[in-house]
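Novice: To start, I am sharing the structure in question, which I have written as structure tokens.
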């Protein structure tokens, strides 16, 4: 069996991803189980009948990988993940442990992870992310004792590293450093990383140093939000996420220097292994970097033994290493994209390059004379550009389906932008590495300045290119609509069909127009059918109200309160469709209606923030905090906001209370905050279709509605249920799930 590791590794990835992202759906289990049993049956039949023993063995191996993957995921989820969640989630704990990584500090908070050794006096090995809104008097890898109220962590990239819990610096949070520190290989690597970051900060202006830190070390937190948005809009976020591409560039540069000093293949292999492991450690063992590192080490050892390593087999082996003992590694979408992009490059980049060169009748023989030499190097440069293009195209096509599904957007300009940026990124990586390392070294630190200059110029070029392309009208296209998935499905089927067609040139001429036609027809129908769409979504956020009005081209928030533990889920759900928020309306500064504002401001571009508060001093502070985008007001105000062409929000402020009357084509919703008196509400607004509340208002007998939506804790809902039933016989609570109201469709 030529590619045993490839078959097992890719099966692991496929099965684990299907199980995890379907949320352990029983139907998915049934399909996967049937597939495994069928493979075993057919495989055994082929082996026994001796018709195709090789294929039969492959089917049996595939079945084994399927069974192991499912069992591994179930076991890991039940005995590791669920054990931690069930024992400690949504509870106050007292624990001790070591800060196991660097403390990441931003303007508003600091984040770090504690690996516990004891929880509530019992031995326990768990990782807890701490989000603190004040400085913490502790150092990385220092032992701490702490008390915190923990919540379930829903951030997949952290779950993939075994961080199942999170806690915030409120609800009685306390932390005390003991002064005891753990010294490990990784703690040394983190010290090197911090020294490199300090070097870049001292050598370069802030805008350039933060970009260098992101590209070289994978630290995106310090990047300005507008810069991150530009990379996101152009689809080039992979440039500021440390990945296999970065490792290849760094390792290639190191090997170029080593090969100038020695030709001994064992010494070269040693340097390769050391460079790979060091870079993996300094960048925090990101899954995509580990994947590339494993492949490079295998290739290097094969080369030292005069053998050629199979790329797909190496990729499969990397998948086995990453997922065999940590099936939740597939929660890191970046890792899946890395595997897909690498697979696409291995399978498609060379055929694409050969096809393009054949189309141009490429031949390049060096001729005598100056003109012949110039033509030779021009053609050679052309071939390099075609190679880069084929790599970018093949990677883009393979990650397109997951990008469209996971992020609900694609960037048509990504290939062009990446082609233009990659030479600068390569130079930036090498020069920022050299300047950050040289600056640490005594006596030779002055050598860092020329490399720092080049790093700054490359940073300037990258930022300008990405910013320029992000401003183009179609730099990014939303893919949350059904027609995108239909188009992707048709295109994938057409691509698979091409594998079985003899006359592929004719097939391409037919399949490409079919694919384009499906996309155009789908887009046209989507515009016609969703032009008047408008819905209101009320989220399950615990104690408070977080509600949005979603239209085809805009999103507005009419209240942004609730438990902070739900912030990641809410912002992730909104970001699937929208990158900015048209209006954010805050009824008052009570945590029930404003506690998640901080998260929304950092995640989205907000065009208008309206805050109701009668305190003049607070108004001045709020205006200073957010500049021109924030408008604060008080008193008895009354105005109407056009949230879209078909949805309006009538804001009525009376007696220190803000009512909101949201009106669509066929549905009206009245939002009434806590302690409101309905006798102050104009009579025309007392007959909504839906009433949104988080407590029972005064004089509730004055209201008439079809449905009451209660947003709050389950115990509050049960306590007030009898009173709520007097308002309307139909009562819905967000304590179990999010609730969506169709404003234009009834």
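In full-length UniProt numbering, the protein residues as written are 1 to 746. Using N, Cα and C, we set each Cβ at its ideal position, and we do this for glycine too. Predicted model, so just to flag it, every value in this text is computed and none were measured.
(1) By a C-beta neighbour count over all protein chains shown, 10 Å radius and 16 as the cutoff for buried, is residue 652 buried or exposed?
(2) At the level of alpha carbons, what is the spacing between residue 392 and residue 413?
(3) When you compare the stretch 534 to 543 with the stretch 502 to 516, are there three or more beta-carbon pairs, one atom per stretch, that lie closer than 8 Å?
(4) Quick one: residues in its chain with C-beta nearer than 8 Å to the C-beta of residue 269, no 5 flanking neighbours on either side, listed in chain order?
(5) In chain order, what residues of the same chain have a beta carbon less than 8 Å from the beta carbon of residue 60, not counting five sequence neighbours either side?
(6) Could you check the C-alpha separation between residue 429 and residue 215 for me, to the nearest Å?
(7) What are the start and end residues of the beta strand (DSSP E) that includes residue 149?
(8) Note down the Cα distance separating residue 132 from residue 604, rounded to an integer number of angstroms.
(9) Compute the distance between the beta-carbons of residue 144 and residue 104, then report whether it is under 8 Å.
(10) For the alpha helix (DSSP H) that contains residue 459, what are its first and last residues?
(11) Using a Cβ distance threshold of 8 Å, determine whether the stretch 214 to 231 contacts the stretch 464 to 476, with at least three qualifying pairs required.
(12) Round the Cβ separation of residue 89 and residue 150 to the nearest angstrom and send it over; I've been treating them as touching at under 8 Å.
(13) For residue 331, which option in 81, 124, 685, 693 has the closest C-alpha, if you only look at C-alpha atoms?
(14) What is the residue span of the beta strand (DSSP E) that residue 547 lies within?
(15) Since residue 594 and residue 581 should fall inside the 8 Å C-beta cutoff, what is the C-beta to C-beta distance between them, to a whole number of angstroms?
(16) Going by DSSP in three states, residue 476 sits in which element: helix, strand or coil?
(17) Where does residue 653 fall in DSSP's three states?
(18) Below 8 Å, can you find three or more Cβ-Cβ pairs linking the stretch 238 to 255 to the stretch 415 to 431?
(19) Report all residues from its chain with a CB closer than 6 Å to the CB of residue 148; omit the five preceding and five following residues, and keep chain order.
(20) What separation, rounded to the nearest whole angstrom, lies between the Cα atoms of residue 112 and residue 127?
(21) Just reading off the beta strand (DSSP E) that residue 589 is part of, what are its end residues?
(22) Contact check, residue 65 vs residue 12 under 8 Å by CB: the rounded distance?
(23) Apply the 10 Å Cβ neighbour rule to residue 385 and answer buried if 16 or more other Cβ atoms are within range, or exposed otherwise.
(24) In whole angstroms, give me the CA-to-CA distance for residue 557 and residue 657.
(25) Can you have a look at residue 95 and say buried or exposed, based on whether 16 or more other CB atoms are within 10 angstroms of its CB?
(26) Quick check on this structure: which residue in 417, 399, 400 has the alpha carbon closest to the alpha carbon of residue 388?
(27) Mind checking who residue 560 pairs with in its DSSP beta bridge?
(28) Classify residue 580 as helix, strand or coil using the three-state DSSP reduction.
(29) So what does residue 536 bridge to, in DSSP terms?
(30) Is DSSP giving residue 26 helix, strand or coil here?
(31) Could you spell out where the beta strand (DSSP E) holding residue 824 opens and where it closes?
(32) What would DSSP say about residue 421, mapped onto helix, strand or coil?
(33) Below 6 Å CB to CB, which residues in the same chain sit around residue 456 once its five sequence neighbours on both sides are set aside?
Specialist: A quick look at the data gives this:
(1) buried
(2) 11 Å
(3) no
(4) 300, 301, 303, 304
(5) 39, 40, 43, 44, 47
(6) 7 Å
(7) 142 to 152
(8) 21 Å
(9) no
(10) 448 to 470
(11) yes
(12) 6 Å
(13) 81
(14) 546 to 551
(15) 14 Å between Cβ atoms; not a contact.
(16) coil
(17) strand
(18) yes
(19) 167, 173
(20) 10 Å
(21) Taken as a continuous stretch (DSSP letters only), residue 589 belongs to no beta strand (DSSP E), as it is neither H nor E.
(22) 6 Å
(23) exposed
(24) 18 Å
(25) buried
(26) 417
(27) 546
(28) strand
(29) 549, 741
(30) helix
(31) An answer regarding residue 824 cannot be provided, because it is not within the stretch 1 to 746 covered by the chain.
(32) helix
(33) 204, 208
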